[in-house]
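This note's numbering applies: residue 113 is where the sequence shown begins, and numbers increase by one.
Each remark here refers to the structure printed beneath this line.
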Amino acid sequence: MLRRPSSGDLRIIGHFTGRIFLAFAGVSVLPLMVEIGLGEWAPVSSFVLMMGVFAVVGAGLRRLLATSRPLDLRHGMVVVALVWLLVPAVAAIPLALSGHFSDFLDAYFDAVSGLTTTGLSVLQDLDHLALSLNLWRHLLQFLGGLGIVVVAVWLSVGGAGLALAHSEGRADKILPSVSSTSRFIWRVSLVHMAVGVAVLYGVGVVFLGFTSGRSVFHSLMIFFAAFSTGGFSVQSTSLGYYHSAILEAAASVMMIAGAMSFQLHFALWQRRYRDALRNLETRAYLTTFVVLLGVTMVGLGALGTYDGILGHARQGVFQFLSAHTTTGFSTIPSSELALWTGLAFAGIAAAMALGGMAASTAGGVKALRVGLTAKVLRGESKRVMMPPGAVIPVGYFQDGHRRMTVEVAHAAMFITVLYLGLYLVGTGVGIAYGYPLQDALFESVSAGATVGLSAGITDPAMPVVLQIVYMSEMWLGRLEFVAVFALIGTVWSSIRGR
């Protein structure tokens, strides 16, 4: 019999959702301070309105649904799925009132794209967007990349931390507690921020001729988008605006850091280099990177798209790296990327679909699942060739020796199949609206893997239904399905349960 959630269950979900809303009310003070400091008075009222909605709804939920019961795994998954739907609706208020979007749905699309670290955008005239609004878009990506679980723990949500961590796919704690793990993640992020912004600032001042203030802003925005593997940019031409190989190289390092799991960061910080290289996930990611990069570069060479080896390597490697880290930065326009056909298309599309590492800011299937699936397939192949009854143990190294259990194998392959299905559904909708197969597949994979590269389909004139499909792909892909299933199950049991 399907059990209807009790009032206590709903109180827990509402209470902790309210606490996260209050956290975002606090975070939104930052862009408000920037616009007041810069004298950007036009967006002030819209940010005050957004802060008010976050604060009133958050305080109301907390007060009306106050509870002392802890948040368990099931409740935590529902909270995360709800937050990724509801927070963008409020975060879109200043965007919708900026005059840079056709309607609220377009603004909501950008907010969802930001919080899911996707980077697809339907914003109009980005080059003249107020700095405070650009900061807000990038902050959404940074917070979405690190995970609302970390923000929640950091802002004293307390006991909710463990359940929220599991629901985001971060079941492996780096340190004994979620709080200490969260502090480590913030410490890593802040160190990367200090070094990354300093390097980018130097590039801006020395090589690009930027003023000090302009260089600080651009450096900070590039870091937010690169480390969160989000891909929003200050200018409409993304990193192509800067025409700087040095800046692209600096951004690439941050993109790689963002796509690395925080477990790998921890191993490197402890100088356990051998263990880091032995990990199944590290080897799987390096393997797919080398193989798919080779496929992409051979394909570009066959197309003859770029002149000279340097031009071929610079454009090909950067776009591929942006795809495999699921960042979404580009140095070429969408119309040019759409011309990558044949092997070049196959290589970059597969890189987007597979994505980065687990427990990172990246999206996609994730390298750990790729490695586990390969181990399962190899084990089954051996089993077929061996005599009946032969026992073939399958093990792997991931922060220690582990045995491949049926549960681990099924979970890895189940989520992988769901991602493939998600990509195909989005592709089918795109084809139904008359887009070519290659463009429809590219855009769907970009949305589902939270990448942000575009073949030109995503724009203000795109069909509303396709826009909703892509937002759904971003939501499902970022939360890796399980949290969304928990929310759907809770809603269904509330309606049909007893």
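Each residue gets a CB set at the ideal place from its N, CA and C atoms; glycine is no exception.
Predicted, not measured: the structure shown is a model, and the values here were computed from it.
Tyr582 sits in a helix when the DSSP states are folded into three classes.
Scanning its chain for C-beta atoms nearer than 7 Å, with the 5 sequence neighbours on each side dropped, one finds around Ala137 the residues Met163, Phe166, Ala167 and Gly170, in chain order. For Ile125, the closest alpha carbon among the candidates Trp153, Met574 and Ala193 is that of Ala193. Remark: fewer than three beta-carbon pairs, one from each stretch, lie closer than 8 Å, so the segment 418-436 and the segment 381-396 are not flagged as touching. The beta carbons of Gly459 and Val407 sit closer together than 8 Å.
When Phe133, Ala479 and Leu534 are compared, the shortest CA-CA separation from Thr399 is found for Ala479. Taking the Cα of Ala598 as reference, the smallest distance to any Cα among Val139, Glu585 and Asp184 is reached at Asp184.
Taking Arg514 as the centre and dropping the five residues before and after it, the same chain places the C-beta of Gly507 and Tyr508 closer than 7 Å to its C-beta, in chain order. At a cut-off of 4 residues, the continuous stretches assigned as alpha helix (DSSP H) that sit fully inside the segment 397-478 are 420-436, 446-449 and 454-466. Contact check for Ser244 and Val328: beta-carbon distance about 14 Å, past the 8 Å limit, so the pair fails to qualify.
Rounded to the nearest angstrom, the Cβ distance from Asp239 to Gln347 is 6 Å, consistent with a contact under 8 Å.
Counting only runs of 3 or more residues that sit fully inside the segment 218-251, no beta strand (DSSP E) segment turns up.
Cβ-Cβ separation between Arg481 and Ile543: approximately 27 Å, too far for a contact (criterion under 8 Å). In the same chain as Ala201, and ignoring 5 residues on each side of it, the C-beta atoms closer than 7 Å to its own belong to Tyr220, in chain order.
Counting every other CB atom within 10 Å of its CB across the protein chains shown gives Pro143 a total of 16 or more, marking it as buried.
DSSP places Tyr353 within a helical segment (H, G or I) once states are collapsed to three. According to DSSP, residue pairing for His513 in a beta bridge involves Phe509.
Sorting Ser294, Leu252 and Ala310 by C-alpha distance to the C-alpha of Thr341 places Leu252 at the top.
Here Ile569 carries a coil assignment [DSSP, helix/strand/coil].
Under the Cβ criterion (8 Å, minimum of three pairs), the segment 298-309 counts as touching the segment 354-372.
With 16 or more other CB atoms across the displayed protein chains lying within 10 angstroms of its CB, Met189 is buried. For Trp381, the enclosing alpha helix (DSSP H) covers residues Phe374 to Trp381. Around the CB of Met497, fewer than 16 other CB atoms lie within 10 Å, so the residue is classed as exposed.
When Cβ pairs closer than 8 Å are counted between the two stretches, the segment 150-163 is seen to touch the segment 204-215, the count reaching three or more. Non-local beta-carbon contacts of Leu235 in its own chain, meaning distances under 6 Å to residues more than five positions away in sequence, involve His212 and Asp222 in chain order. Apart from the 5 residues on each side of it in sequence, Ile580 has no Cβ closer than 7 Å to any other Cβ in its chain.
8 Å or more divides the Cβ of Ser556 from the Cβ of Pro117.
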